[in-house]
Structures are given as structure tokens and as C-alpha cells.
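Asker: Quick note, in the numbering used here, the sequence shown goes up one by one and the last residue is 81. In this text, a Cβ means the ideal position worked out from N, Cα and C, and glycines have one as well. Before I ask anything, let me first share the structure, which is written out below as C-alpha cells.
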Amino acid sequence: MKYLIIILTIFVFTSIFLGLILDVPYSQKLIGFGVMGLFLIVFPLFSYHRWKDKNPKDYMLTKENLDKMRENQKDESKY
3 MKYLIIILTI FVFTSIFLGL ILDVPYSQKL IGFGVMGLFL IVFPLFSYHR WKDKNPKDYM
63 LTKENLDKMR ENQKDESKY
């Protein structure tokens with residue numbers, strides 16, 4: 003998955019770069035497809051890859067997590 007994301011990112015940025023550099027009638031389409039590929043394919047794949055083994059509740063501000071944060075701040079302030 004990691005290598006697929008890297009390859010797709012290279013293709014997308016190459017498409018955008020070539021669209022900016024080349025003076026061809028379809029250069030705006032190259033830029034557009036590159037941007038669409040980046041935001042509709044590469045970014046969701048990257049997000050899924052980074053979050054697939056994580057628990058979203060660990061990152062939500064619930065009462066329990068706020069209490070843990072307060073306890074950690076008290077422990078750190080002692081030193």
C-alpha cells in the first residue's frame with residue numbers, strides 16, 4: 003500500500019508539473035486530472051493507510067480522555 007501511494011503521488015505531481023511546463027492544448031486537463039487524482043485517490047488512500055490500525059476514540063475529547071490529560075499535566079508539573 004505504501005509503494006502504491008508513493009507511485010500514485012509521483013504520477014499526480016508529474017501530471018501537474020507537465021501541465022504547467024508544456025505548451026499543449028490539453029495542459030489544463032493534465033493539471034486538472036492531477037489535482038483530482040491527488041484529492042480523490044491519493045489523499046483518501048493515504049488517510050486510510052495511516053488510520054487503519056488506530057482507534058478513533060483515542061483521539062476524541064471525551065470526559066475520560068480529558069481526565070487522563072489533566073492527570074498527565076499534574077504528573078508533569080511535579081518535576
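Taking the C-alpha atoms as reference points, what is the distance between G36 and P46?
Answerer: Indexing the sequence shown from 1 puts residue 36 at position 34. Indexing the sequence shown from 1 puts residue 46 at position 44. Rounded to whole angstroms, G36 to P46 spans 15 Å at the Cα level.
Asker: Taking only the alpha-carbon atoms, compute the straight-line gap between I18 and L10 and give it to the nearest angstrom.
Answerer: Within the sequence shown, residue 18 is the residue found at index 16, counting from 1. Within the sequence shown, residue 10 is the residue found at index 8, counting from 1. When only Cα atoms are considered, I18 and L10 end up about 12 Å apart.
Asker: Beta-carbon within less than 8 Å of L22's beta-carbon, same chain only, minus the 5 sequence neighbours each way: which residues are those?
Answerer: Within the sequence shown, the letter at position 20 stands for residue 22. Within the same chain, L22 has close Cβ partners S29 and I33.
Asker: Can you tell me whether DSSP reads K76 as helix, strand or coil?
Answerer: Working through the sequence shown from its first residue, we reach residue 76 at position 74. Of the three classes helix, strand and coil, the one that applies to K76 here is helix, per DSSP.
Asker: Out of P58, L20, I43 and K56, which has the shortest C-alpha to C-alpha gap to S6?
Answerer: Within the sequence shown, residue 6 is the residue found at index 4, counting from 1. Checking the displayed sequence, the identity of residue 6 turns out to be Leu instead of Ser. Comparing Cα-Cα distances from L6 to each of P58, L20, I43 and K56, the minimum goes to I43.
Asker: Expressed to the nearest angstrom, what Euclidean distance is found between the alpha-carbon atoms of K56 and L20?
Answerer: Stepping through the sequence shown from its first residue, residue 56 is reached at position 54. Stepping through the sequence shown from its first residue, residue 20 is reached at position 18. Taking the straight line joining both Cα atoms gives about 37 Å.
Asker: By a C-beta neighbour count over all protein chains shown, 10 Å radius and 16 as the cutoff for buried, is V14 buried or exposed?
Answerer: Along the sequence shown, one-based indexing puts residue 14 at 12. Buried, because 16 or more other Cβ atoms sit within 10 Å of the Cβ of V14.
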